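To keep things clear, I will list the structure first and then write my remarks on it.
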């Protein structure tokens, strides 16, 4: 069992003729030296372990900081991607609205032009119808005249010509 500080303080050597017994003092000092040597070895081992643990702790702290920075960069990148996607979506939407507006305008113009052409064709058809009717009526009127049936009129018409 190792010595305690109290054991060392309370140690009393028996008295001999010349004072303290040298054998007891040597034995006690050997025991103290042995215990002290073990304490020094334990202390060195403990310091080495503390040093190793501090190294590991430093490594893990650096790793933690690196991970923390990586998370921050990932969050910032994520926000940047979201902003860019939103901007791109707005741009696409605006271009689609512009295209839709252009297509509607073109369609309205074409519809107006077609309607105008239709009205023009309708008017021309009405004019053609009126002219054709006039022609048919004139031909009908000519048929209804009985003059063309008599051969004399035809001969006179040739002579006068």
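Residue numbers (the working numbering): -4 to 156.
Every residue, glycine too, gets a C-beta built ideally from N, C-alpha and C.
Remember, predicted model here, so these are calculated numbers, not experimental data.
Item	Value
Measure the C-alpha to C-alpha separation of residue 79 and residue 62 and round it to an integer number of angstroms.	25 Å
Report the three-state DSSP secondary structure of residue 13 (helix, strand or coil).	coil
Beta-carbon within less than 7 Å of residue 58's beta-carbon, same chain only, minus the 5 sequence neighbours each way: which residues are those?	none
Which full runs of the beta strand (DSSP E) of 3+ residues lie inside the region 54 to 111, going along the chain?	none
Could you round the C-beta distance between residue 3 and residue 27 to whole angstroms and report it? I think they count as a contact, below 8 Å.	7 Å
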